[in-house]
Structures are given as C-alpha cells and as structure tokens.
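A short worksheet on the structure shown next.
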Amino acid sequence: MLRWLIESPSHPGWPATLGPLRVDAGVVTVRPIRSRDARAWSRLRIENQNELVPWEPTGTGAWSRRHAPSSWAPLHSLLRAEARRGNVLPFVIEVDGEYAGQLTVGNIQRGAVRSAWIGYWVDSGVTGRGVATAAVALGVDHCFGPVGLHRIDATVQPGNGGSRAVLRKVGFREEGLLERYMDVNGRWRDHLLVALTVEEVVDSAVDTLVRAGRAQPVE
Ligand code: ACO
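Plus 2 on top of the position in the sequence shown (first one is 1) and you've got my numbering.
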C-alpha cells in the first residue's frame, strides 16, 4: 500500500502487472520496466536494429551507443518519473518470464479527454506468434479498466503490415492519414491514425482474442 502511494499519487493503474496470457510463442506477461532490465534491453535493441530502425523516431548518434547498457539508467529514470506523474505507463513484455520487448502508453490525458497513445516493439526471435497482439490487448483492457481512459490511439506507417495487423486484431479502426507526421529513419513519414474507444470493446480485448482462438487464459 505504502509503495503504491509513493509510486503513484495521481496515477491509477500504476504500477501493475498484466496477464498472464498464453499465445503460440509462450506465456505473455506485461510488467513495469526495472533498472535491472539494462542488459536485456541493450542486447535485444542492438540485435533488432534492422527491424526497429524503419519504424522508430529518428535518434541522434549511433544506434549501438544509444542502446548501450549504460543508456538504460537515464531512460529508465525518465520513464519512471513520467509514470509517477501520471503521464506514461512504461512496460516490458515478457514471454515465458524472459524480456521480449516493450509496451508503452504515453501522453496520458485526463479531464474531459481521457486518452493516450500506445506503442510497442517485440524481439524478432518471437514475432509472428501472437506476442504483440496479446500485449496490446492486455494494455487496452488495463487502460480502459484501472487507468480509467476512454480512448487509445496509435500511429503506424502504412507499410508496417505486421503492426497494422496487430492493431486490427485488437479492434482498432483507422481514422485517417497523418501526412509527413513523424521523423522516422531520417525522413518525415506519413502515418495512419488508428483508435479505439471503450464503447467499441465487447467484454474485454483479451476476451475477444480468446473467443477468436488467438490466446488462451493461463489457469
Ligand atoms: N503484412 C501483413 N501482415 C503481417 C506482416 C506484413 N508484412 N508481417 C506480419 N504480419 C502479420 C502476422 O501474420 C500476424 O497476423 P496473424 O496473427 O493474423 O497471422 C501479425 O502481423 C503479427 O501479430 P503478432 O504475432 O501478435 O505480432 P508480433 O509479436 O509479431 O509483433 C510487431 C509485431 C510489434 C510489429 C513486431 O514485428 C515489431 O516489433 N516490429 C518492429 C517494431 C514495430 O514495428 N513496432 C510497431 C510500431 S507502430 C506502433 O507502435 C503503434
């Protein structure tokens, strides 16, 4: 209780662990980032450079330097501070207890809007077997439940077929094209805006996946 008060004076739903949920790749759990994630984060970010660079915001400096284990501490501190302020939910995606990617909910707005964006990446060693879809469904249910949001949106490049499929499977619908929206891989890239509001989710996003045979509850 005391830990919750210290960590989260104004942020319902943080910290929290989501899942577990079984998919083809294994058992997916979504949990808060930790300072000791440095080595796993660095290793997977460096191994997956070619898969990540086409879709992520342009950064400054060499990828290997930006993703050295020593770069995790300042990033972790920043994200945890933003989480304490109620602006962000920075999660790690685990498969069978191993670090396998990240799920982030950002720009959390309260008041009359109650919305946020969601973003994610998954290690190519486990892709194509339901991990991101399960993690996004767990995140959506958490945002519409304990966090108390009404709308979640995401931006995705039209050419990112895998990510578009993830969002479609969880029930996001396309709202339009944002032209030259984000500086990605050195150029301004168009992005599709997709969104989901709480009224569109029948029971829960996880239940929808389970009914479709895409995930199984873990007893
Ligand atoms: N075109 C169409 N569909 C595709 C393609 C493609 N090129 N590649 C994969 N798919 C489909 C798969 O068949 C699967 O659908 P299915 O279950 O109906 O067969 C779906 O995409 C992928 O679903 P998952 O297995 O749940 O997702 P996965 O764990 O493979 O993760 C992800 C997908 C997150 C896109 C991963 O490949 C990744 O991290 N890519 C690099 C980073 C990235 O693109 N992140 C998303 C940025 S956009 C955002 O965050 C909103």
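Beta carbons are placed, not taken as given, at the ideal position from N, Cα and C, and that holds for glycine.
Predicted, not measured: the structure shown is a model, and the values here were computed from it.
Buried versus exposed call for residue i [16 or more other C-beta atoms within 10 Å across all chains shown]
| i | result |
| --- | --- |
| D26 | exposed |
| T31 | buried |
| G99 | exposed |
| R191 | buried |
| L198 | buried |
| G113 | exposed |
| S37 | exposed |
| R82 | buried |
| G132 | buried |
| E202 | exposed |
| T62 | exposed |
| L80 | exposed |
| A137 | buried |
Cβ separation of residue i and residue j, assumed to be a contact under 8 angstroms, to the nearest whole Å
| i | j | result |
| --- | --- | --- |
| H69 | I48 | 5 angstroms |
| Q104 | F93 | 7 angstroms |
| T157 | M184 | 7 angstroms |
| V204 | D143 | Not really, about 12 angstroms apart at Cβ, beyond 8 angstroms. |
| T135 | V172 | 6 angstroms |
| L20 | P219 | With a Cβ gap of about 13 angstroms, L20 and P219 do not count as contacting. |
| D125 | N50 | 6 angstroms |
| P14 | G150 | 6 angstroms |
Residue i: CB within 6 angstroms of a non-hydrogen atom of ligand 1
| i | result |
| --- | --- |
| V168 | yes |
| V32 | no |
| G163 | yes |
| E49 | no |
| V158 | yes |
| Y2 | Since the first and last residues shown for the chain are 3 and 221, residue 2 lies out of range. |
| V90 | no |
| W123 | yes |
| L54 | yes |
| T129 | yes |
| W43 | no |
| V133 | yes |
| W57 | yes |
Distance, residue j Cα to residue i Cα
| i | j | result |
| --- | --- | --- |
| L54 | L180 | 21 angstroms |
| E96 | P71 | 19 angstroms |
| W16 | L91 | 7 angstroms |
| A59 | S206 | Before going on, a small fix: residue 59 reads as Pro here, not Ala. Between P59 and S206, the C-alpha separation is close to 31 angstroms. |
| Y101 | D39 | 8 angstroms |
| C145 | R86 | 16 angstroms |
| L140 | E221 | 16 angstroms |
| G121 | G127 | 19 angstroms |
| E176 | S66 | 34 angstroms |
| H152 | W119 | 11 angstroms |
| V186 | P148 | 33 angstroms |
| E115 | I154 | For the record, residue 115 in the displayed sequence is Val; it is not Glu. So the two alpha carbons sit approximately 11 angstroms from each other. |
| L200 | L169 | Per the sequence presented here, residue 200 reads as Val, with Leu not at that position. When rounded, the distance between both Cα atoms is 15 angstroms. |
| R189 | P56 | 10 angstroms |
| I35 | R182 | 31 angstroms |
| L159 | L194 | It should be pointed out that residue 159 corresponds to Gln in this sequence rather than to Leu. So the two alpha carbons sit approximately 6 angstroms from each other. |
| S44 | T129 | 18 angstroms |
| S10 | G88 | Note that S10 scores 48 on pLDDT, short of 50, meaning its location in the model is unreliable; the coordinates nonetheless yield the value given after this. Rounded to the nearest angstrom, the two C-alpha atoms are 7 angstroms apart. |
| G215 | A75 | 39 angstroms |
| message | List, from N- to C-terminal side, the beta strand (DSSP E) runs of 3 residues or more that fit wholly inside the segment 111-197. | response | Taking only runs of at least 3 residues, the beta strand (DSSP E) segments lying wholly in the segment 111-197 are 117-124, 153-158, 175-186.
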